[in-house]
Amino acid sequence: MTYEIEIGRSKRAAQAYSLDDVAIVPNRRTRDPHDVSVKWQIDAYSFETPILGAPMDSVMSPATAIALGKLGGLGVLNLEGLWTRYEDPTKVLEEIAALKSADGGHFDPAITKRLQELYAAPIQPELITARLAEIRESGVTVAGSLTPQRTQEHYKTVVEAGVDVFVIRGTTVSAEHVSKNHEPLNLKQFIYELDVPVIVGGAAGYTPALHLMRTGAAGVLVGFGGGASGTTRRALGIHAPMATAISNVAAARRDYLDESGGRYVHVIADGGLGTSGDIVKAIAMGADAVMLGTALARAAEAPGAGWHWGMEATHENNPRGDRVKVGTVAPLEQLLYGPSHHTNGTSNLVGALRRSMATTGYSDLKEFQRVDVVVSPYEAD
Numbered sequence: 028m029t030y031e032i033e034i035g036r037s038k039r040a041a042q043a044y045s046l047d048d049v050a051i052v053p054n055r056r057t058r059d060p061h062d063v064s065v066k067w068q069i070d071a072y073s074f075e076t077p078i079l080g081a082p083m084d085s086v087m088s089p090a091t092a093i094a095l096g097k098l099g100g101l102g103v104l105n106l107e108g109l110w111t112r113y114e115d116p117t118k119v120l121e122e123i124a125a126l127k128s129a130d131g132g133h134f135d136p137a138i139t140k141r142l143q144e145l146y147a148a149p150i151q152p153e154l155i156t157a158r159l160a161e162i163r164e165s166g167v168t169v170a171g172s173l174t175p176q177r178t179q180e181h182y183k184t185v186v187e188a189g190v191d192v193f194v195i196r197g198t199t200v201s202a203e204h205v206s207k208n209h210e211p212l213n214l215k216q217f218i219y220e221l222d223v224p225v226i227v228g229g230a231a232g233y234t235p236a237l238h239l240m241r242t243g244a245a246g247v248l249v250g251f252g253g254g255a256s257g258t259t260r261r262a263l264g265i266h267a268p269m270a271t272a273i274s275n276v277a278a279a280r281r282d283y284l285d286e287s288g289g290r291y292v293h294v295i296a297d298g299g300l301g302t303s304g305d306i307v308k309a310i311a312m313g314a315d316a317v318m319l320g321t322a323l324a325r326a327a328e329a330p331g332a333g334w335h336w337g338m339e340a341t342h343e344n345n346p347r348g349d350r351v352k353v354g355t356v357a358p359l360e361q362l363l364y365g366p367s368h369h370t371n372g373t374s375n376l377v378g379a380l381r382r383s384m385a386t387t388g389y390s391d392l393k394e395f396q397r398v399d400v401v402v403s404p405y406e407a408d
């Protein structure tokens, strides 16, 4: 049941909850954390953890995608980012990290303008091939991401390079995009013709997620520019509180499972997951896995060197993100598996997930989606 609130005499609004508004509740049973499995599988690919590295240049480079893969996750490389625009983007990344704000804050138009200039360099197809080949040679699962606008242009290069998992990621993606200026991507036909599993999103509601599932996608990303570096709510007035969004998309997964006669589509929470507690609650609300940006941008190996930004921040006409300081917490392995010396949920992400599952008595991720949840708003530290 969805609760609605009246706004004046002519508008009704649905009540929606963020991850900060909810909490999980222990039950009568507990387990030893070592008896808990956090393994995740999508299509033919199995992973030791349900963690994907977000395709953001401050988070994923070929090297960090490889490192995350060897640690049991899936690193997704941004195939429209600096690594496919520059032969050696190291100096560019160093410049971005060194940019100084006039007033010491995040919101400096001069920084945004410089980001736009750096990302105006053309995408080089040969670099797409080279970066994916580098990841493939390491032996980990290869995943790359394009926006819907550039998928038609570059997907053949991506597939020929040997990608294992193809991600189509935008602020929001629909199965029924309408345009008078160009022929939109036919998702259903596109996915049908590919021989690799496709993850697509973001989606923030039941109906759009259901339509994306009907295209044949293996997974649907849940989110709408709600991460630490995103300003979509401020710039466009659009926002989808994650707890409600995940629950709604999980309901679409359930109904599509019945409608399709047993085809399971994975729900992947993407955005606003900055701590281990956020990861726990995202899975409790129905996510199968999580795509992390801010949380992994804090790794010592992260290309952003303690800074974080997304592609929305570089849009040539309507930027909807900032370069934000997230700091450096620990090496990637320690960030994922501990030991942690932080009490704020920024390290030992997998260990915290295991402990929460054990405390509430669940042995695997699918079972944990049944955990009791309460609405208990608080001001996050």
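If you use the numbering used here, the sequence shown corresponds to residues 28 to 408, in order.
For each residue, glycine too, the CB sits at the ideal point set by N, CA and C.
- ARG347 has its alpha-carbon roughly 18 Å from the corresponding atom of LEU126.
- When secondary structure is reduced to three states using DSSP, ILE310 falls in the helix class.
- GLY96 and GLY35 have their C-alpha atoms roughly 51 Å apart.
- According to DSSP, residue pairing for ARG39 in a beta bridge involves GLU33.
- Around the beta carbon of SER172, 16 or more other beta carbons lie within 10 angstroms, which makes this residue buried.
- DSSP places HIS342 in the coil class of the three-state scheme, outside both helix and strand.
- When rounded, the separation of the alpha-carbon atoms in ILE310 and THR184 is 34 Å.
- Shown here, PHE193 sits in a strand according to DSSP, grouped into three states.
- ASN375 sits buried, since 16 or more C-beta atoms from the chains shown fall within 10 Å of its C-beta.
- Excluding five sequence positions before and after PRO152, the CB atoms of its chain that fall closer than 7 Å to its own CB belong to HIS181 and THR184, given in chain order.
- In the three-state reduction of the DSSP assignment, HIS335 falls in the strand class, which pools E and B.
- LEU173 sits in a strand when the DSSP states are folded into three classes.
- Annotation for ASP399: the continuous beta strand (DSSP E) segment containing it runs 399–402.
- Separation of LEU212 and VAL294 (C-alpha to C-alpha, rounded to the nearest whole angstrom) is 22 Å.
- Annotation for ASN275: the continuous alpha helix (DSSP H) segment containing it runs 269–286.
- If you compare the alpha carbons of VAL49, ILE226 and LEU109 with that of GLY337, the shortest gap goes to LEU109.
- For VAL398, the closest alpha carbon among the candidates VAL52, ALA170, LYS38 and ALA244 is that of VAL52.
- Per DSSP, ILE265 lies in no alpha helix (DSSP H) and is assigned neither H nor E.
- Here ILE150 carries a coil assignment [DSSP, helix/strand/coil].
- Around the beta carbon of GLU121, fewer than 16 other beta carbons lie within 10 angstroms, which makes this residue exposed.
- Between the alpha carbons of MET384 and SER64 lies a gap of roughly 9 Å.
- According to the DSSP secondary-structure assignment, ILE78 is paired through a beta bridge with VAL317.
- In this structure, the alpha-carbon of ASP115 lies about 48 Å from that of VAL402.
- Setting aside the 5 residues that flank it on each side, ALA92 is surrounded in the same chain by GLY102, LEU104 and ILE162, each with a C-beta closer than 6 Å to its C-beta; the list follows chain order.
- For HIS238, the enclosing alpha helix (DSSP H) begins and ends at 233–241.
- LEU319 and GLY264 have their C-alpha atoms some 23 Å from each other.
- Sixteen is the threshold: when 16 or more other Cβ atoms of the shown chains lie within 10 Å of the Cβ of ALA94, as they do, the residue is buried.
- Cβ-Cβ separation between GLY388 and THR57: approximately 5 Å, consistent with a contact (criterion under 8 Å).
- Residue nearest to ASP191 within the set GLN179, ALA170, PRO175 and GLY197 is ALA170 (criterion: CA-CA distance).
- Scanning HIS335, LEU392 and SER88 for the CA closest to the CA of GLY301 turns up HIS335.
- The Cβ-Cβ distance between VAL356 and HIS369 falls below 9 Å.
- By the Cβ neighbour-count rule, THR178 is buried, with 16 or more other Cβ atoms within 10 Å of its own.
- Put simply, the backbone Cα of LEU362 is about 22 Å away from that of ARG350.
- Per DSSP, reduced to three states, the secondary structure at SER128 is coil, with no helix or strand assignment.
- In this chain, LEU380 is not harboured by any beta strand (DSSP E); it is covered by the alpha helix (DSSP H) spanning 376–386.
- Look at ALA188 here: in three-state DSSP terms it is coil, with no helix or strand label.
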